[in-house]
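**Q** In order, the protein sequences belong to chains A and B.
What the first sequence shows, in numbering that gives the first Met the number 0, is residues 0 to 319, in sequence order.
What the second sequence shows, in numbering that gives the first Met the number 0, is residues 0 to 319, in sequence order.
Heads up, the beta-carbon is just placed ideally off N, CA and C, and yes, glycines get one too.
Predicted model only: the values in this text are computed from it and were never measured.
The structure under discussion is supplied below as structure tokens; questions concerning it will follow.
2 protein chains.
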Amino acid sequence: MEKLYIGVDLGGTNIAAGIVDVNGNILCKKSVKTNLPKPEAELEQDIYNLCKSLCEENKYNLDKDIKAVGIGTPGSVDGKRGIVWSNVNFGYENWKIKENLEKLFGISVYVENDANAAIIAEVMAGNAKGCDNALIVTLGTGVGGGAYLNGEIYAGYNYAGLEVGHIVIEKDGRQCNCGRKGCFERYAAASALTRDTQAAMKEHPESALWEICPDIEKVNAKTAFDGKKQGDAVATQVVDTYIDYLACGLVNLINIFQPQVVCLGGGVSNERQYLLDLLKPHIDREDFARNARERTEIVIAKFRNDAGIIGAAMVGVNND
Amino acid sequence: MEKLYIGVDLGGTNIAAGIVDVNGNILCKKSVKTNLPKPEAELEQDIYNLCKSLCEENKYNLDKDIKAVGIGTPGSVDGKRGIVWSNVNFGYENWKIKENLEKLFGISVYVENDANAAIIAEVMAGNAKGCDNALIVTLGTGVGGGAYLNGEIYAGYNYAGLEVGHIVIEKDGRQCNCGRKGCFERYAAASALTRDTQAAMKEHPESALWEICPDIEKVNAKTAFDGKKQGDAVATQVVDTYIDYLACGLVNLINIFQPQVVCLGGGVSNERQYLLDLLKPHIDREDFARNARERTEIVIAKFRNDAGIIGAAMVGVNND
Numbered sequence: 000m001e002k003l004y005i006g007v008d009l010g011g012t013n014i015a016a017g018i019v020d021v022n023g024n025i026l027c028k029k030s031v032k033t034n035l036p037k038p039e040a041e042l043e044q045d046i047y048n049l050c051k052s053l054c055e056e057n058k059y060n061l062d063k064d065i066k067a068v069g070i071g072t073p074g075s076v077d078g079k080r081g082i083v084w085s086n087v088n089f090g091y092e093n094w095k096i097k098e099n100l101e102k103l104f105g106i107s108v109y110v111e112n113d114a115n116a117a118i119i120a121e122v123m124a125g126n127a128k129g130c131d132n133a134l135i136v137t138l139g140t141g142v143g144g145g146a147y148l149n150g151e152i153y154a155g156y157n158y159a160g161l162e163v164g165h166i167v168i169e170k171d172g173r174q175c176n177c178g179r180k181g182c183f184e185r186y187a188a189a190s191a192l193t194r195d196t197q198a199a200m201k202e203h204p205e206s207a208l209w210e211i212c213p214d215i216e217k218v219n220a221k222t223a224f225d226g227k228k229q230g231d232a233v234a235t236q237v238v239d240t241y242i243d244y245l246a247c248g249l250v251n252l253i254n255i256f257q258p259q260v261v262c263l264g265g266g267v268s269n270e271r272q273y274l275l276d277l278l279k280p281h282i283d284r285e286d287f288a289r290n291a292r293e294r295t296e297i298v299i300a301k302f303r304n305d306a307g308i309i310g311a312a313m314v315g316v317n318n319d
Numbered sequence: 000m001e002k003l004y005i006g007v008d009l010g011g012t013n014i015a016a017g018i019v020d021v022n023g024n025i026l027c028k029k030s031v032k033t034n035l036p037k038p039e040a041e042l043e044q045d046i047y048n049l050c051k052s053l054c055e056e057n058k059y060n061l062d063k064d065i066k067a068v069g070i071g072t073p074g075s076v077d078g079k080r081g082i083v084w085s086n087v088n089f090g091y092e093n094w095k096i097k098e099n100l101e102k103l104f105g106i107s108v109y110v111e112n113d114a115n116a117a118i119i120a121e122v123m124a125g126n127a128k129g130c131d132n133a134l135i136v137t138l139g140t141g142v143g144g145g146a147y148l149n150g151e152i153y154a155g156y157n158y159a160g161l162e163v164g165h166i167v168i169e170k171d172g173r174q175c176n177c178g179r180k181g182c183f184e185r186y187a188a189a190s191a192l193t194r195d196t197q198a199a200m201k202e203h204p205e206s207a208l209w210e211i212c213p214d215i216e217k218v219n220a221k222t223a224f225d226g227k228k229q230g231d232a233v234a235t236q237v238v239d240t241y242i243d244y245l246a247c248g249l250v251n252l253i254n255i256f257q258p259q260v261v262c263l264g265g266g267v268s269n270e271r272q273y274l275l276d277l278l279k280p281h282i283d284r285e286d287f288a289r290n291a292r293e294r295t296e297i298v299i300a301k302f303r304n305d306a307g308i309i310g311a312a313m314v315g316v317n318n319d
């Protein structure tokens, strides 16, 4: 019988679990509210109950049909030992999640930071499949990152690495929540693009952006791209500036890692090929290894809305 | 008998070879001019002849006393297969240096990029000894880097990674030779500090820097540090600005890698503890993981003038 895995996307608001095959297809899924704060043991029981009922409702036997459970969680995670060093949102420290959940489940449980789970999914079954060296950069509320290097996850000495959103690309630039000024995510996050679009609209009441989105509160990362596609000058300026900063940070990462593939995820990556086409000339001009025989390829991440569940399941596949 | 290794620092001007023990001590050394351009086979013979005569002059037997030969070379190097993909300065492509030299030497030969050799030396026998995750950043003519991650060299998919000098930290800033604007090395290299010191002296004829170095052509990376130590306001401004940019780039690397140790090498690192003390408050303020239980430590690289020979030898030790 085909090997199946459970992936658990452990978020601060919801816990989502899915039964996933080795190719990253979700066969069924279910979620419950996380309802924080609560003690670790209670959350562990919630995770187990969710997975148990997911299996029962879909006629799977947790013991016989499921090879392993993978958990993707925010925070600093020692994937090899299965310990969450610190998860500030949950208020947990030194959480022995693997050991505790294996007692409940009776089968293998693996855990990884959620960004690391996302790159594992792309490497195992997505758009970086088979790569030994690949990055994921997510352009969402912030800019996040995960790295698969020399054939394994790279998390840093203290499991807190790959904060690629917090590299300064404009010294003394925009104030970041992290305390620095000019961080990459202040310019390249979906939220930054949204704010820049709103600011441009306020300055330019003549812009077609107002027709695309008459309610300025509803502007999102797609708005300016839609305006540029229609030929609006203000939207074009907003997008071109955005791409200039995004490319700047991406080339920084390429010059450091020279990975085979960089996967772009998060809201902005919904622009897909249009986004890649805008980035390409910048990368071709600035990549330090632009004359090398092998070059980094930038792609859109394969796994989208269910990336959390699939990534977590792939952590199980990867370790199994 | 103690294991000995030959380290060969293969530069565009000189080839330097040394017999080195496992602790990174050089027992004897010798160098010859590289005399480029010349065909690969001729250079290989030069390397062999240099090592052979180094052994003979010092009463070592190349076959019996030497365990392995390590070569450190500029360019993109596939250390596992022992191939130099590209060395632009030498004009070589796809140079099968390991295979060719092993035929000449009759013992194991290993090759690495010179920056990678430098971090191997620090990890094997230097100030990052025993670390699984460490970086070296060299502050010389440019800013170079090498990375040892998850217990092995990380070179990138195309062996051209770790160009840490070519991350933009000031968008649209100073023009870099690489084609980008605002690269880290334009602000943090020893040569940048020298140029900034000279510019400040021209603007400020009253500065004590003119007493420290009356001939402006002889200014180097030490000059401004000397001035700041004497309390000169102009020198202090130059050094403080330099440190601000250096810290900016170093924190970028820390936020990406969160290594156990960052070793600083190159001319500027001769300022040793004085340099580290100036950097520390910046790092403590900006490191994204400043509240983590384990933090990156910045140290001065142990191996100095002979780092090339020792690093190359340690490539042999590491592979042996």
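Given this structure, state the Cα-to-Cα distance separating B:K28 from A:Y147, to the nearest angstrom.
**A** As a working mapping, residue 28 of chain B is identified with position 29 in the second sequence. As a working mapping, residue 147 of chain A is identified with position 148 in the first sequence. One C-alpha to the other measures close to 40 Å.
**Q** Beta carbons nearer than 7 Å to chain B: which residues of the segment 156 to 182 of chain A have them?
**A** Per Cβ criterion, the list reads Y156, N157, A159, G160, L161, E162, V163, H165, I166, V167, I168, E169, K170, C177, G178 and R179.
**Q** Check whether the Cβ atoms of A:I168 and A:G145 sit closer than 9 Å, and answer yes or no.
**A** Position 169 of the first sequence, counting from 1, holds the residue named residue 168 of chain A. Position 146 of the first sequence, counting from 1, holds the residue named residue 145 of chain A. Contact flag unset, no.
**Q** Helix or strand or just coil, what does DSSP make of B:K102?
**A** Here residue 102 of chain B corresponds to residue number 103 of the second sequence, with the count starting at 1. It is helical.
**Q** For B:V261, which of helix, strand or coil comes out of DSSP?
**A** Locating residue 261 of chain B in the second sequence gives position 262, where the first residue counts as 1. Three-state DSSP puts B:V261 in a strand.
**Q** Taking the Cβ atom as the reference point for each residue, do A:L192 and A:Y241 lie within a distance shorter than 9 Å?
**A** By one-based count along the first sequence, residue 192 of chain A stands at place 193. By one-based count along the first sequence, residue 241 of chain A stands at place 242. Their beta carbons are under 9 Å apart, which means A:L192 touches A:Y241 by this criterion.
**Q** What does A:N149 reach in chain B if we use C-beta pairs closer than 8 Å?
**A** Working through the first sequence from its first residue, we reach residue 149 of chain A at position 150. Neighbours of A:N149 on chain B, chain order: L148, N149, E151 and Y153.
**Q** Would A:V218 be called buried (16 or more neighbouring beta carbons within 10 Å of its own) or exposed?
**A** Taking the first residue of the first sequence as position 1, residue 218 of chain A is located at position 219. A:V218 comes out buried.
**Q** Is the CB of B:E111 under 9 Å away from at least one CB in chain A?
**A** The count along the second sequence starts at 1 and reaches residue 111 of chain B at position 112. No, B:E111 does not count as interfacial toward chain A.
**Q** Short of 9 Å Cβ to Cβ, which residues in the segment 236 to 250 of chain B face chain A?
**A** Residues D243, Y244, C247, G248 and V250.
**Q** Take B:T137 and list the residues in its own chain whose beta-carbon comes closer than 6 Å to its own, dropping the five residues that flank it on each side.
**A** Numbered from its first residue, the second sequence carries residue 137 of chain B at position 138. Once the five neighbours on either side are set aside, the close Cβ partners of B:T137 are G143, G264 and G265.
**Q** Using the Cβ count rule (16 or more neighbours within 10 Å means buried), how would you classify B:G310?
**A** Along the second sequence, read from residue 1 onward, the residue named residue 310 of chain B stands at position 311. Result: buried.
**Q** Going by beta carbon distance, what residues of the same chain come within less than 6 Å of A:C212, once the five residues before and after it are set aside?
**A** If you number the first sequence from 1, residue 212 of chain A lands on position 213. So the list reads V218 and T222, once near-sequence residues are dropped.
**Q** Locate the alpha helix (DSSP H) running through A:S190, then write down its first and last residues.
**A** Residue 190 of chain A sits at position 191 when you count from the first residue of the first sequence. A189 to E202 is the extent of the alpha helix (DSSP H) around A:S190.
**Q** Among all the DSSP beta bridges, which residues are the ones paired with A:L134?
**A** As a working mapping, residue 134 of chain A is identified with position 135 in the first sequence. A:L134 is bridged to A:A146 and A:V261.
**Q** Report yes or no: is there a C-beta of chain B within less than 9 Å of the C-beta of A:E184?
**A** Translated into positions along the first sequence, residue 184 of chain A becomes position 185. Closer than 9 Å: no.
**Q** As an exercise, report each continuous beta strand (DSSP E) stretch of at least 3 residues that is fully enclosed by the segment 26 to 96 of chain B, in chain order.
**A** Counting only runs of 3 or more, we get 65 to 72, 75 to 77, 82 to 86 and 91 to 94.
**Q** DSSP three-state label for B:D278, please.
**A** Working through the second sequence from its first residue, we reach residue 278 of chain B at position 279. Note on identity: in this sequence residue 278 of chain B is Leu, with Asp being the wrong assignment. Three-state result, B:L278: helix.
**Q** So what's B:L161 in DSSP terms, helix, strand or just coil?
**A** If you number the second sequence from 1, residue 161 of chain B lands on position 162. The answer is coil: DSSP assigns B:L161 none of H, G, I, E or B.
**Q** So what's B:A246 in DSSP terms, helix, strand or just coil?
**A** Mapped onto the second sequence, residue 246 of chain B falls at position 247. The answer is helix: DSSP assigns B:A246 an H, G or I state.
**Q** With 16 as the cutoff for other CB atoms within 10 Å, does A:G71 come out buried or exposed?
**A** Position 72 of the first sequence, counting from 1, holds the residue named residue 71 of chain A. Buried.
**Q** For the segment 285 to 313 of chain B, which residues have a CB atom closer than 8 Å to at least one CB atom of chain A, in sequence order?
**A** Within the segment 285 to 313 of chain B, the qualifying residues are E285, F287, A288, A291, R292, E293, R294 and T295.
**Q** Do you know offhand how far A:W94's Cα is from A:V83's?
**A** In the first sequence, residue 94 of chain A corresponds to position 95, counting from 1. In the first sequence, residue 83 of chain A corresponds to position 84, counting from 1. Taking the straight line from one Cα to the other gives about 5 Å.
**Q** By a C-beta neighbour count over all protein chains shown, 10 Å radius and 16 as the cutoff for buried, is A:T12 buried or exposed?
**A** The sequence position of residue 12 of chain A within the first sequence is 13, counting from 1. A:T12 comes out exposed.
**Q** Terminal residues of the continuous beta strand (DSSP E) containing A:V108?
**A** Here residue 108 of chain A corresponds to residue number 109 of the first sequence, with the count starting at 1. Per DSSP, A:V108 belongs to the beta strand (DSSP E) from S107 to N112.
**Q** Going by C-alpha distance, which of B:K102, B:G90 and B:N176 is nearest B:L35?
**A** To locate residue 35 of chain B, count along the second sequence from 1; it is residue 36. Checked all of B:K102, B:G90 and B:N176; the closest Cα to B:L35 is B:G90.
**Q** Using a Cβ-Cβ cut-off of 7 Å (strictly less than) and excluding sequence neighbours within five positions of B:E39, which residues of its own chain qualify?
**A** Here residue 39 of chain B refers to the residue found at position 40 of the second sequence. Result list for B:E39: Y91 and W94, in chain order.
**Q** For B:F256, return the contacting residues in chain A, with the cut-off set at a CB-CB distance below 7 Å.
**A** Reading the second sequence from its first residue, position 257 is the one you call residue 256 of chain B. Residues of chain A passing the Cβ test: G155 and G160.
**Q** Can you tell me which of B:A232, B:D195 and B:S190 puts its alpha carbon nearest to the alpha carbon of B:N205?
**A** One-based indexing of the second sequence puts residue 205 of chain B at position 206. For clarity, residue 205 of chain B is Glu in the given sequence; the question names Asn instead. Of the listed residues, the one whose Cα sits closest to B:E205 is B:A232.
**Q** Any contact of the segment 245 to 254 of chain A with the segment 110 to 124 of chain A, i.e. 3+ C-beta pairs under 8 Å?
**A** Flag = no, the segment 245 to 254 of chain A and the segment 110 to 124 of chain A do not touch.
**Q** Run through DSSP, which three-state label would A:I18 get?
**A** For the purposes of this step, residue 18 of chain A is taken as the residue at position 19 of the first sequence. A:I18 falls in the strand class under three-state DSSP.
**Q** Identify which residue in A:I152, A:I14 and A:L61 has its Cα closest to the Cα of A:M313.
**A** Stepping through the first sequence from its first residue, residue 313 of chain A is reached at position 314. Among A:I152, A:I14 and A:L61, the Cα nearest to that of A:M313 belongs to A:I152.
**Q** Taking a contact to mean a Cβ-Cβ separation below 9 Å, would you say B:L161 touches B:A127 in this structure?
**A** Within the second sequence, residue 161 of chain B is the residue found at index 162, counting from 1. Within the second sequence, residue 127 of chain B is the residue found at index 128, counting from 1. No, these two residues do not count as a Cβ contact at 9 Å.
**Q** In angstroms with no decimal places, state the Cα-to-Cα distance between B:G78 and A:I253.
**A** Taking the second sequence and counting its residues from 1, the one referred to as residue 78 of chain B is at position 79. Taking the first sequence and counting its residues from 1, the one referred to as residue 253 of chain A is at position 254. Approximately 20 Å, taken between the alpha carbons.
**Q** Closest to A:A133 by CA distance: which of A:F256, A:Q197 and A:R179 is it?
**A** Here residue 133 of chain A refers to the residue found at position 134 of the first sequence. Out of A:F256, A:Q197 and A:R179, A:F256 has the C-alpha closest to the C-alpha of A:A133.
**Q** Which same chain residues end up closer than 6 Å to B:F302 when comparing Cβ atoms and leaving out the 5 residues on each side of it in sequence?
**A** Walking along the second sequence from the start, residue 302 of chain B turns up at place 303. Closer than 6 Å at Cβ, skipping near neighbours: A120, G125 and I309.
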